[in-house]
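Residue numbers (the working numbering): 29 to 182.
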């Protein structure tokens with residue numbers, strides 16, 4: 029989804045307006061098509077955010093992303109982009125895919141299904157989504173760095 033959106037920008041094509049000032053969830057959801065054609069979320073666990081480190085800084089800056097949800101944290105370059113636009117990183121619990129799916133109340137749209145279920149851009153209305161932990165705040169303070177710096181090293 030990130031690559032497609034940035035390619036569209038480069039080519040002057042229109043991207044879905046929902047990306048601007050959005051909350052991104054690094055997730056490869058499992059979706060089920062209902063008989064009426066709507067989509068139901070079966071599972072929605074966080075994926076490792078570090079996979080997106082190469083793409084995320086430019087994406088955050090271009091679309092003024094407000095929050096990123098995932099697991100494992102992000103790179104220093106991504107954190108710098110987050111600080112510039114006031115974006116936070118929210119850590120979701122790995123292994124809680126079914127519980128997290130319950131907070132995605134309704135699928136309100138999908139873009140770029142040709143990329144496959146895991147890479148398409150899914151849009152949701154959410155309610156009581158979480159639990160989430162602010163792991164990197166909008167000033168770049170990282171819970172991951174704090175934990176790593178407190179570890180006793182031999």
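Ideal placement from N, C-alpha and C gives every residue a C-beta, glycine not left out.
Because the structure is a prediction, the values reported are computed rather than measured.
Taking residue 97 as part of the beta strand (DSSP E), name the residues at either end of that continuous run. Note, residue 97: beta strand (DSSP E), 95 to 98.
Span of the alpha helix (DSSP H) holding residue 110? Counting along the chain, residue 110 sits inside the alpha helix (DSSP H) bounded by residues 104 to 113.
Helix, strand or coil for residue 65? Go by DSSP, reduced to three states. The DSSP-derived three-state label of residue 65 is coil.
How long is the line joining the alpha carbons of residue 125 and residue 72, rounded to whole angstroms? The alpha-carbon of residue 125 is positioned some 5 Å away from that of residue 72.
Judging by CA-CA distance, which residue of 173, 138, 30, 157 is the nearest neighbour of residue 89? Looking at 173, 138, 30, 157, the one whose alpha-carbon comes closest to that of residue 89 is 30.
So what does residue 152 bridge to, in DSSP terms? According to DSSP, which records beta bridges pairwise, residue 152 is partnered with 135.
Going by DSSP, which residues form a beta bridge with residue 119? Answer by DSSP bridge pairing, in chain order: 98, 161.
Indicate the three-state DSSP secondary structure (helix, strand or coil) for residue 43 in the structure shown. Here residue 43 sits in coil by DSSP.
Would you mind sorting residue 137 into buried or exposed? The rule is 16 or more other CB atoms within 10 Å of its CB. So residue 137 ends up on the exposed side.
I believe residue 157 touches residue 135 by the beta-carbon criterion, under 8 Å. Please report the beta-carbon distance rounded to the nearest angstrom. Contact doesn't hold; Cβ gap of about 13 Å is too wide.
Straight-line CA distance for residue 118 to residue 166? Here the C-alpha atom of residue 118 lies approximately 11 Å from the C-alpha atom of residue 166.
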